[in-house]
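Peer 1: If you read the protein sequences in the order shown, they are chains A and B.
Okay, so the first sequence: first residue is 1 according to my numbering, each after it adds one.
Okay, so the second sequence: first residue is 1001 according to my numbering, each after it adds one.
Have a look at the structure that comes next, please.
There are 2 protein chains.
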Amino acid sequence: MSEARNTERVMRMSEGFSWEGASDAPYKEEGTHFRDVRRVNLAGMLGEQAAFHLRYFEIKAGGYTSKEHHEHVHVIFVVRGEGDILLGEKWQPLKFGDVAYVPPGMTHQMRNDFREPFGFLCVVDAVRDKPVVEGESEFDSICGE
Amino acid sequence: MSEARNTERVMRMSEGFSWEGASDAPYKEEGTHFRDVRRVNLAGMLGEQAAFHLRYFEIKAGGYTSKEHHEHVHVIFVVRGEGDILLGEKWQPLKFGDVAYVPPGMTHQMRNDFREPFGFLCVVDAVRDKPVVEGESEFDSICGE
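Have a look at this one:
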């Protein structure tokens, strides 16, 4: 769907946390700085008149997102499974319903050391800077871009 | 919590969809244009550097939000129970994981005709216009303000 979508809509979730009509991007199964992450753009990127974007990220068992930082903030709300978030130098557990706030410039990463998929909403400003991946920089970052 | 909160944080959800440290506003049990709705401000209203606000709304069995419209948009993600949303003149069902987009100026309302609480996240621009309640206007609107 590439057309502008500033009209009302309801996107129903089906089994496996998929939404009809939403782009579901299968990222590389393995990379040097992220692993086993899928991303679904839910709102804000299709011509909607919003100052924010709403995305769903899901990390498979054993997967992780890029370790990165940027000036824009993340607001995260967990909707599936459990995992951990690195905020600065401290890992903290997250489960369904937990909210995490990543302030400007803070190094962060998400990982799933559990058996079930770890899924979370991530809200960001529509206008934002590009993430800086820490450790390796040859690939684009995926969470927060 | 009234201090600025532009630092990292994790807010854990406890039973009954409550978050320690978050304001949980018990709205009037009964009003003329809304009924049995609670609201929790989760992110964006405490000094965070974000262009959006993330709120959790919950409608008890038999409750409903204001029928209203405004120029700012709503992005809704259901996280508890099920309910219905009015978009324009059409009621549509919503359940866990469903996403609804309310475009500028569209009349909308949420209701819960089920036995369990109906809870949803609602993301809005940080800077936004005030809702116009339809039908009755003597009370402030609660969802979208």
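Don't be surprised by glycine CBs; every beta carbon is placed ideally from N, CA and C.
Since the model is a prediction, treat every value here as computed from it, not as a measurement.
Since D1067 of chain B and G1135 of chain B are thought to touch, with beta carbons under 8 angstroms apart, how far apart are those beta carbons, to the nearest angstrom?
Peer 2: Note that residue 1067 of chain B is Lys in the sequence shown here, rather than Asp. With 8 angstroms as the limit, K1067 of chain B and G1135 of chain B qualify as a contact, their Cβ atoms being about 6 angstroms apart.
Peer 1: Do R1128 of chain B and Y1064 of chain B come within 8 angstroms of each other at the CB atom, strictly closer than that value?
Peer 2: No, these two residues do not count as a Cβ contact at 8 angstroms.
Peer 1: Output, in sequence order along the chain, the residues in the region 1049-1078 of chain B whose CB is closer than 7 angstroms to any CB in chain A.
Peer 2: Answer set for the region 1049-1078 of chain B: Q1049, A1050, A1051, F1052, L1054, V1073, V1075, F1077.
Peer 1: Does DSSP classify K1095 of chain B as helix, strand or coil?
Peer 2: In this structure, K1095 of chain B counts as strand in the three-state DSSP scheme.
Peer 1: What's the call for E58 of chain A, buried or exposed, on a 16-neighbour Cβ count within 10 Å?
Peer 2: With 16 or more Cβ atoms within 10 Å of its Cβ, E58 of chain A is classed as buried.
Peer 1: Is the region 5-20 of chain A touching the region 37-51 of chain A, taking contact as three or more C-beta pairs under 8 angstroms?
Peer 2: Verdict: yes, contact present.
Peer 1: Could you pull the DSSP bridge partners for G1083 of chain B from this structure?
Peer 2: The partner list for G1083 of chain B (beta bridge, DSSP) reads B:L1094.
Peer 1: Compare the Cα-Cα distances from D1113 of chain B to each of B:Y1101, B:A1126, B:P1093 and report the closest residue.
Peer 2: Per the Cα distances, B:P1093.
Peer 1: Report the neighbours of R1009 of chain B on chain A: residues whose CB is nearer than 9 angstroms to its CB, in chain order.
Peer 2: Those within 9 angstroms of R1009 of chain B in chain A are L87, V99, A100, Y101, P103.
Peer 1: Would R35 of chain A pass as an interface residue toward chain B - the criterion being a Cβ-Cβ separation below 8 angstroms?
Peer 2: By this cut-off, R35 of chain A is not an interface position.
Peer 1: For the region 12-24 of chain A, which residues have a beta carbon sitting closer than 7 angstroms to at least one beta carbon of chain D?
Peer 2: No chain D is present in this structure, whose protein chains are A and B.
Peer 1: Within 8 angstroms, do at least three Cβ pairs link the region 1093-1103 of chain B to the region 1047-1058 of chain B?
Peer 2: Flag = no, the region 1047-1058 of chain B and the region 1093-1103 of chain B do not touch.
Peer 1: Any idea what DSSP makes of A25 of chain A, helix, strand or coil?
Peer 2: Correct three-state label for A25 of chain A: strand.
Peer 1: Quick one: Cα of H74 of chain A to Cα of F120 of chain A, how far?
Peer 2: Between H74 of chain A and F120 of chain A, the C-alpha separation is close to 12 angstroms.
Peer 1: If you follow the beta strand (DSSP E) that D1036 of chain B is part of, which residue opens it and which one closes it?
Peer 2: It spans 1035-1043 - the beta strand (DSSP E) in which D1036 of chain B sits, taken as one unbroken run.
Peer 1: Ignore the nearest five residues each way along the sequence and tell me which others in V1099 of chain B's own chain have a CB closer than 6 angstroms to its CB.
Peer 2: Excluding sequence neighbours, V1099 of chain B sits near F1077.
Peer 1: Go ahead and pull the three-state DSSP assignment for V133 of chain A.
Peer 2: Residue state, collapsed to three classes: strand.
Peer 1: Using the Cβ count rule (16 or more neighbours within 10 Å means buried), how would you classify G62 of chain A?
Peer 2: Answer is exposed; the Cβ neighbour count stays below 16.
Peer 1: In this structure, does DSSP put A1061 of chain B in helix, strand or coil?
Peer 2: A1061 of chain B falls in the strand class under three-state DSSP.
Peer 1: Please check if any C-beta of chain A sits within less than 8 angstroms of the C-beta of E1110 of chain B.
Peer 2: Sequence inspection shows Met at residue 1110 of chain B; the Glu mentioned does not correspond to that position. With 8 angstroms as the cut-off, M1110 of chain B does not count as an interface residue toward chain A.
Peer 1: Listing by chain order, which chain B residues have their CB less than 9 angstroms from the CB of N6 of chain A?
Peer 2: Residues of chain B passing the Cβ test: V1073, Y1101, P1103, P1104.
Peer 1: In its own chain, which residues sit with a C-beta less than 7 angstroms from the C-beta of D149 of chain A, not counting the 5 before and 5 after it?
Peer 2: With chain A running from 1 to 145 in the structure shown, residue 149 of chain A is simply not present.
Peer 1: Say whether chain B places a C-beta atom closer than 8 angstroms to the C-beta of D113 of chain A.
Peer 2: It does not; no Cβ of chain B falls within 8 angstroms.
Peer 1: Which of the residues in the region 1125-1136 of chain B, read from start to end, lie with their CB under 8 angstroms from any CB of chain A?
Peer 2: Listed by position along the chain: D1125, A1126, V1127.
Peer 1: Specify, as a first and last residue, the run of the beta strand (DSSP E) that H1108 of chain B falls within.
Peer 2: First-last of the beta strand (DSSP E) with H1108 of chain B: 1108-1111.
Peer 1: Output the boundary residues of the beta strand (DSSP E) element that contains V1010 of chain B.
Peer 2: 1009-1011 is the extent of the beta strand (DSSP E) around V1010 of chain B.
Peer 1: Taking the C-alpha atoms as reference points, what is the distance between G1083 of chain B and V1133 of chain B?
Peer 2: The straight-line gap from Cα to Cα measures roughly 20 angstroms.
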